[in-house]
Each structure stands twice: as C-alpha cells, then as structure tokens.
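Going by the numbering used here, the sequence shown opens with residue 2, and the numbers climb by one from there.
Cβ coordinates follow ideal geometry from the N, Cα and C atoms, glycine included.
These figures come from a predicted structure and were not determined experimentally.
Okay, so here's the structure we're looking at.
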Amino acid sequence: MSDQDPLQSLWTQQSPEPFAMSLADVHVRAQRFQSRIRTRNFIEYAAAALVIGVFGWMTLIIPEPAVQTGAVLIMLGALYVCWQLHRLGRAATRDERNAAAHSWTDFHRDELTRQRDALRSVWRWYLAPFLPGVLVFLGAVAFTTATDTPLPERLGLFLGGVGMTAVLFAAIAWLNAVAARRLDAELAALDKAREG
Numbered sequence: 002m003s004d005q006d007p008l009q010s011l012w013t014q015q016s017p018e019p020f021a022m023s024l025a026d027v028h029v030r031a032q033r034f035q036s037r038i039r040t041r042n043f044i045e046y047a048a049a050a051l052v053i054g055v056f057g058w059m060t061l062i063i064p065e066p067a068v069q070t071g072a073v074l075i076m077l078g079a080l081y082v083c084w085q086l087h088r089l090g091r092a093a094t095r096d097e098r099n100a101a102a103h104s105w106t107d108f109h110r111d112e113l114t115r116q117r118d119a120l121r122s123v124w125r126w127y128l129a130p131f132l133p134g135v136l137v138f139l140g141a142v143a144f145t146t147a148t149d150t151p152l153p154e155r156l157g158l159f160l161g162g163v164g165m166t167a168v169l170f171a172a173i174a175w176l177n178a179v180a181a182r183r184l185d186a187e188l189a190a191l192d193k194a195r196e197g
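Here is the structure:
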C-alpha cells in the first residue's frame, strides 16, 4: 500500500500552467484600480473636510489660545495632507488615461508604482503633518489653566492622548505598508505577464 495520498500524487504530477494576463485583463485592472483610487481620495478629502470643520468649530468655542493654536495646526496639517494626496496619490487624469491607450500595461505599471511609493512614504506626508498640531492640542487640553486638576492627572491625560495617537498612527502606517505590499505583488504579476 502506498503511503502517499492519491490526490497529493495527482497534484504533484500536474504541470504548472503558465501565468497569462491578456491586454483586456490589464485594461480592466487599470480602470478598476483608478476607480478605487478616486473612491479612496474622495473619502480622504471628506475626512479632511470633517477634521477642518470640527477643529475650526473648536477654535470658535474654546477660548484657550493654546488649544486654538493646536486646532489651527491640525487644520493646516489636514490641508497639507490633501495637497500631498492630490500631488502623490491622485487618480490619473482623463488625458493620461487616453494617452495610455497605446500601452495599458505601461500605464498600469506606472500607476501601481506611483501609488505604491505614496503608500510607502505615508509617514512623511500623511502622518507627520498632524504631529505638531496633535501635540500642541493635547498639551493645551491637558495642561490648561482653566482647571485645578493635579499635575499627575494632567500628565496622565497628556500621555494617554499621545499613546492613543501613537497607536492610531502605527495602525495607519501598518495598513498602508500592507497595501504597498499588495501593489508590489500586482507589479510582480504584471511583470511576469509581460515576460510571458
């Protein structure tokens, strides 16, 4: 009696099929990718508008100058992120897509590379711009002179806020790193299809 499972034998004896991606497949993938980028960016711009609205409202209702300064810095960070998202992570324009008609593979590869590079540098252009505002805002809220809370509690509030921010930023960076790896895999598949 054989020690090997018959299904395993059948699986190991199969010859691997060559990877193939037709031009039509590349075209569909490129258009789907551009649609996802537009949707992602719309959500990011809406979130930035919400951040600007909420922190703008805080500057009006909270009379503490340090809190207002932190809120303004956060709003400026959101505006900077929007500008960088448009510069680094925008979807291709209609003219760029029309020009790509002669080589959808090259176009899609360039777009995957551009988005991957934006995701890899998210610490620099997406997270870092918020740090000054967040630190000033948290410090101003924790150490405001308007309350007589003991210093250890104020310090705990500040450090707790910094800790939660660090966890949130780390999660965002991790999610973007995962997305960048997925784009690397897509690039590898595309390169393999071009060679084959």
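Taking the alpha helix (DSSP H) that residue 108 falls in, what are its first and last residues? Taken as a continuous stretch (DSSP letters only), the alpha helix (DSSP H) holding residue 108 covers 105-121.
Looking at residue 75: is its Cβ nearer than 9 angstroms to the Cβ of residue 134? Between residue 75 and residue 134, the C-beta spacing is below 9 angstroms.
Residue 44: which of 26, 153, 91 and 166 sits nearest, CA to CA? The candidate whose alpha carbon is nearest that of residue 44 is 91.
What is the DSSP secondary structure of residue 147, counted as helix, strand or coil? Coil, per DSSP.
Count the other CB atoms, across all protein chains shown, that sit within 10 Å of the CB of residue 105; report buried if there are 16 or more and exposed otherwise. Buried, since its Cβ has 16 or more Cβ neighbours within 10 Å.
Run the CB neighbour count on residue 117, radius 10 Å, all protein chains shown included, and call it buried at 16 or more, exposed below. So residue 117 ends up on the buried side.
CB residue 130 to CB residue 77, shorter than 9 angstroms? Against a cut-off of 9 angstroms, the Cβ pair of residue 77 and residue 130 comes out as a contact.
DSSP three-state call for residue 53: helix, strand or coil? DSSP places residue 53 in helix when its eight states are reduced to three.
Report yes if the C-beta distance between residue 177 and residue 120 is below 9 angstroms; otherwise report no. Yes, they are a contact pair.
If we ignore side chains and look at the alpha-carbon of each, how far apart do residue 166 and residue 46 end up? One C-alpha to the other measures close to 20 angstroms.
Of all the options 79, 86, 54 and 108, which has the alpha carbon lying nearest to the alpha carbon of residue 30? Considering only alpha carbons, the answer is 108.
Exposure of residue 54, with buried meaning 16 or more beta-carbon neighbours within 10 Å: Exposed is the call here.
For residue 168, count neighbouring Cβ atoms within 10 angstroms of its own Cβ and tell me buried if that reaches 16, exposed if not. Flag for residue 168 reads exposed.
Per the contact definition of three or more C-beta pairs closer than 8 angstroms, is the stretch 59-75 in contact with the stretch 138-151? The stretch 138-151 vs the stretch 59-75: in contact.
Residues in its own chain within less than 8 angstroms of residue 192 by CB, not counting five upstream and five downstream? Excluding positions up to five away in sequence, the list reads 110.
Going by C-alpha to C-alpha distance, which of 60, 81, 79 and 80 sits closest to residue 72? Closest by alpha carbon: 60.
Give a yes or no on whether 9 angstroms exceeds the smallest Cβ distance from residue 56 to chain D. Structure shown: chain D not included; a single protein chain is present.
Mapping the DSSP letters down to three states, classify residue 45 as helix, strand or coil. Three-state DSSP puts residue 45 in a helix.
Sequence-distant residues of its chain with Cβ nearer than 6 angstroms to residue 89 (five each side left out): Sequence-distant Cβ neighbours of residue 89 in its own chain, meaning closer than 6 angstroms and more than five residues away, are 119.
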